Amino acid sequence: MPRLAAALRGLAAAAAALITVAAVPSGAAADTVPHRPAPSSQPGNGPKAPAEFVALRDVDPTVIQEMRYFTPHDFMGVPVTGYRAPMCLLTRDAARALHRAQRSFLRRGYSLKVYDCYRPQRAVDHFVAWAKDLGDQRMKAEFYPRVDKSTLFRDGYIAEKSGHSRGSTLDLTLVRLPALPTRPYVPGEPLSSCHGPKAARFPDNSLDMGTGFDCFDTLAHTLDPRIKGEQRANRLLLKDGLERAGFVNYDKEWWHYTFTPETFPDTYFDFPVARRSLVRH
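Letter by letter, the sequence shown follows residues -30 to -1, 1 to 251 of mature numbering (1 follows the signal peptide of the UniProt record, and there is no 0).
The following block contains the structure:
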């Protein structure tokens, strides 16, 4: 029996040694402490969101979602890399704040509608690559008719980093209830300028904000003095309601808001927009 126990101890030690060696990456020093990747980041699973991220629909299913970058109806004319589902992901704090704002708007006969929420870095990289391809201007007539594509970086319309990738920024508008459906965009259909009269723009069930979403034009500046009357009142209605809930507007885009303080003020994430990116408990 003593010999059998000793043999078993020897086998266990050998197995442990093999596991340790297998865990050390190729080329690592023998005395390096092995690092085991978390299950969420192991090859094959893809990157996962931190536990602080949620699906907006799980927090407030009443907010309308028209996730433009999952579709070809955007300034590039193609679905954007990294959007694997038409869903809004946000940090939990931002989603709860949006829920508070939504309750206030619902009492007044309106609903919030989100166009974009968390945006992975790979999507931002897609924007940058498109902006550098000056030959691709298929959507110019709608989204940037008065802007030369070569100036998009200089004018700040495209950048290599986006606050959306931190999870507390989103693009949104207001819809009067009951909400009418918005017809889908058909690739190749005639385009209408995003800064024209509402009746001439691509159909959108939102309030008239003076321009369409993602309009690369100074008319999209939230307080542009040329925006007056009902259009200005609608922008201020959205702005006031969101500010009361803790959001701050980016003054060059009437649709762009960030909840503060941000959960991740200095971190840019790259997990895909998909249900499976969320951590399950």
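Quick reminder that beta carbons are idealized off the backbone N, C-alpha and C, glycines included.
Because the structure is a prediction, the values reported are computed rather than measured.
*For glycine 180, does the count of other Cβ atoms within 10 angstroms reach 16, so buried, or fall short, so exposed?*
Residue mapping note: residue 180 aligns to position 210 of the sequence shown, counting from 1. With 16 or more other Cβ atoms within 10 Å, it is buried.
_With the cut-off set at 8 Å, would you say valine 84 and leucine 142 are in Cβ contact?_
Walking along the sequence shown from the start, residue 84 turns up at place 114. Walking along the sequence shown from the start, residue 142 turns up at place 172. The answer is yes: Cβ separation under 8 Å.
*How about serine 81 and alanine 149: do their beta carbons lie closer than 8 Å?*
The residue given as residue 81 occupies position 111 in the sequence shown. The residue given as residue 149 occupies position 179 in the sequence shown. Yes, these two residues count as a Cβ contact at 8 Å.
*In angstroms with no decimal places, state the Cα-to-Cα distance between glycine 105 and proline 115.*
The sequence position of residue 105 within the sequence shown is 135, counting from 1. The sequence position of residue 115 within the sequence shown is 145, counting from 1. Between glycine 105 and proline 115, the C-alpha separation is close to 15 Å.
*Jot down the residue ranges of each uninterrupted beta strand (DSSP E) in the region 127 to 153, minimum 3 residues, whole runs only, in chain order.*
139 to 146
_Between the alpha carbons of arginine 35 and arginine 205, how many angstroms are there, rounded?_
Numbered from its first residue, the sequence shown carries residue 35 at position 65. Numbered from its first residue, the sequence shown carries residue 205 at position 235. Note on residue identity: the sequence assigns glutamine, not arginine, to residue 35. Using only the alpha carbons, I get a separation of about 19 Å.
*asked:* Taking 8 Å as the threshold (C-beta atoms), are methionine 57 and arginine 92 in contact?
replied: Here residue 92 is taken as the residue at index 122 of the sequence shown, counted from 1. Here residue 57 is taken as the residue at index 87 of the sequence shown, counted from 1. No, the Cβ-Cβ distance between arginine 92 and methionine 57 is not below 8 Å.
*Would you kindly work out how many angstroms separate the C-alpha atoms of alanine 170 and serine 163, rounded to a whole number?*
For this step, residue 170 is matched to residue 200 along the sequence shown. For this step, residue 163 is matched to residue 193 along the sequence shown. Computed Cα separation, rounded: 8 Å.
*Relative to the alpha-carbon of tyrosine 88, which residue among Ala67, Arg78, Phe23 has its alpha-carbon at the smallest distance?*
Taking the sequence shown and counting its residues from 1, the one referred to as residue 88 is at position 118. Among Ala67, Arg78, Phe23, the Cα nearest to that of tyrosine 88 belongs to Phe23.
*Across which residues does DSSP place threonine 41 in a beta bridge pair?*
Translated into positions along the sequence shown, residue 41 becomes position 71. DSSP lists no partner for threonine 41.
*asked:* Using the three-state DSSP reduction, which class does proline 4 fall into: helix, strand or coil?
replied: By one-based count along the sequence shown, residue 4 stands at place 34. Confidence in proline 4 is poor, its pLDDT being 30 and thus under 50, which makes the residue's placement unreliable; the coordinate value appears in the next sentence. Coil.
_Environment of threonine 230 [buried if 16+ CB atoms lie within 10 Å]_ = Looking up residue 230 in the sequence shown gives position 260. Exposed: under 16 other Cβ atoms inside 10 Å.
*Tell me which same chain residues have a C-beta within less than 7 Å of the C-beta of cysteine 185, skipping the five on either side of it?*
The residue you call residue 185 lines up with position 215 of the sequence shown. Phe113, Cys164, His165, listed in sequence order.
*If you drop the 5 nearest sequence neighbours on each side, which residues of the same chain put their C-beta closer than 7 Å to that of valine 243?*
As a position in the sequence shown, residue 243 is number 273, starting the count at 1. The beta carbon of valine 243 sits closer than 7 Å to those of Gly52, Tyr53, Arg54, Ala55, Met57, Leu59, Tyr88, Pro90, all from its chain and outside the five residues before and after it, given in chain order.
*For the beta strand (DSSP E) that valine 24 lies in, which residues bound it at each end?*
Start at 1 with the first residue of the sequence shown, and residue 24 comes out as number 54. Valine 24 -> beta strand (DSSP E) spans 23 to 25.
_Simplified DSSP assignment, three categories, for histidine 226_ = Numbered from its first residue, the sequence shown carries residue 226 at position 256. Three-state DSSP puts histidine 226 in a strand.
*Would you report the Cα separation of arginine 77 and threonine 121, rounded to the nearest angstrom?*
Walking along the sequence shown from the start, residue 77 turns up at place 107. Walking along the sequence shown from the start, residue 121 turns up at place 151. Cα-Cα distance, rounded: 43 Å.
*Please list, in chain order, all residues of the same chain as aspartate 118 whose beta carbon is under 6 Å from its beta carbon, the five residues on each side excluded.*
Along the sequence shown, one-based indexing puts residue 118 at 148. Excluding residues within five positions, none has a Cβ falling inside 6 Å.
_Element boundaries [alpha helix (DSSP H), containing aspartate 106]_ = Within the sequence shown, residue 106 is the residue found at index 136, counting from 1. It is not in any alpha helix (DSSP H) - aspartate 106 carries neither H nor E in the DSSP assignment.
*Can you tell which of Arg38, Thr41, Pro42, Thr61 has the C-alpha that lies nearest to the C-alpha of phenylalanine 239?*
Residue mapping note: residue 239 aligns to position 269 of the sequence shown, counting from 1. Nearest C-alpha to phenylalanine 239: Thr61.
_According to DSSP, residues forming a beta bridge with lysine 209_ = Counting from 1 along the sequence shown, the entry for residue 209 is found at position 239. BP columns for lysine 209 are empty, so no partner.
*asked:* Tell me which residues share the same chain as arginine 66 and place their Cβ nearer than 8 Å to its Cβ, disregarding the 5 neighbours each side in the sequence.
replied: Numbered from 1 along the sequence shown, position 96 holds the residue referred to as residue 66. Around arginine 66: Val29.
*Taking the DSSP output, what are the residues bridged to leucine 59?*
Indexing the sequence shown from 1 puts residue 59 at position 89. Its beta-bridge partners are Ala25.
_Let me check one thing: in DSSP terms, what residues is isoleucine 34 bridge-paired to?_
To locate residue 34, count along the sequence shown from 1; it is residue 64. DSSP lists Lys83 as partners of isoleucine 34.
*Three or more C-beta pairs below 8 Å linking the region 217 to 228 and the region 132 to 141*: Under the 8 Å Cβ criterion, the region 217 to 228 counts as touching the region 132 to 141, having at least three qualifying pairs.
*Quick one: grab the DSSP three-state call for valine 48.*
Position 78 of the sequence shown, counted from the first residue, corresponds to residue 48. If DSSP states are grouped into helix, strand and coil, valine 48 belongs with coil.
*By the 10 Å Cβ neighbour count, where 16 or more other Cβ atoms means buried, how is glutamine 107 classified, buried or exposed?*
Here residue 107 refers to the residue found at position 137 of the sequence shown. Glutamine 107 should be labelled exposed.
_Going by C-alpha to C-alpha distance, which of Ala99, His69, Thr32, Ala25 sits closest to valine 50?_
Here residue 50 refers to the residue found at position 80 of the sequence shown. Nearest option by C-alpha distance: Ala99.
_Segment limits, beta strand (DSSP E) that includes asparagine 175_ = Against the sequence shown, residue 175 aligns to sequence position 205. Asparagine 175 -> no beta strand (DSSP E), and no H or E assigned at all.
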